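*Asks:* In our numbering, the protein residues as written are 19 to 258. From the three backbone atoms N, C-alpha and C, an ideal C-beta is built for every residue, glycine too. These numbers were taken from a predicted model, which means no experiment stands behind them.
Structure below.
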């Protein structure tokens with residue numbers, strides 16, 4: 019019981035320290051390197067039957083049937099809950115065309131997309147689940163194709179300087195030379211810049227110069243013809 023209480027207390031203190039260091043809850047420009055896996059087989063099994071049946075028959079998510087790759091991802095915040103994400107991935111595989119005979123050999127596949135991420139929480143939180151949708155294009159063995167990446171992921175923050183990104187997508191073909199497939203990625207990201215903060219204009223106080231009036235007649239010494247003798251304003255500070 020005591021050990022559990024200490025663990026909870028440590029987590030609360032850790033979260034407080036992390037949150038106190040966050041100066042802006044908008045995602046700063048961030049670059050990540052990640053491992054990716056293209057899963058065409060699971061997508062074909064799901065479309066042939068159903069997701070539940072594919073999982074029940076152990077025809078979903080087999081790593082041995084996936085094609086690995088490497089990628090880069092650039093992220094920049096639009097506001098506290100929405101980011102723009104640009105991804106470029108490369109992998110070697112035998113692409114399973116749906117409307118074209120297979121090439122029966124591995125070629126280099128390049129996929130790039132621009133997406134919008136909608137985060138459940140801002141960067142104030144250590145864990146932030148998000149949904150993602152965008153538009154992408156691919157190049158393989160001289161063929162171009164287009165697809166729609168749609169999925170979800172989670173971002174884990176490490177002291178507001180680095181992140182662990184885990185993502186899963188279902189890539190929907192737009193053109194005939196693109197095929198349905200699942201896409202998974204996991205990688206580390208680090209900040210490469212800071213977003214400029216819009217600061218409120220500072221108020222400038224103009225000092226007021228006080229004018230002396232030695233004789234106290236209401237006429238400043240600079241305008242008083244008789245500065246040492248009390249007079250009237252009508253007579254420019256001089257007595258009648």
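Going by beta carbon distance, what residues of the same chain come within less than 6 angstroms of residue 163, once the five residues before and after it are set aside?
*Replies:* 156, 193, 195 and 196
*Asks:* Can you tell me where the beta strand (DSSP E) with residue 186 in it begins and where it stops?
*Replies:* 180-191
*Asks:* Check the C-beta distance from residue 124 over to residue 167 and give it rounded, since I have them as a contact under 8 angstroms.
*Replies:* Incorrect: roughly 23 angstroms between the Cβ atoms, too far for contact.
*Asks:* Hey, residue 172 and residue 146 are a contact pair by Cβ (cut 8 angstroms); roughly how many whole angstroms apart?
*Replies:* 7 angstroms
*Asks:* What residue range is occupied by the uninterrupted alpha helix (DSSP H) comprising residue 65?
*Replies:* Taken as a continuous stretch (DSSP letters only), the alpha helix (DSSP H) holding residue 65 covers 58-66.
*Asks:* If the criterion is Cβ atoms closer than 8 angstroms, does the pair residue 109 and residue 85 meet it?
*Replies:* yes
*Asks:* Around the C-beta of residue 52, are 16 or more other C-beta atoms found within 10 angstroms, so that it is buried, or is it exposed?
*Replies:* buried
*Asks:* How many angstroms separate the CA atom of residue 200 from the CA atom of residue 49?
*Replies:* 23 angstroms
*Asks:* Would you check if the segment 128-142 and the segment 86-106 touch, i.e. whether three or more CB-CB distances between them fall below 8 angstroms?
*Replies:* yes
*Asks:* Return helix, strand or coil for residue 73, following the three-state DSSP convention.
*Replies:* helix
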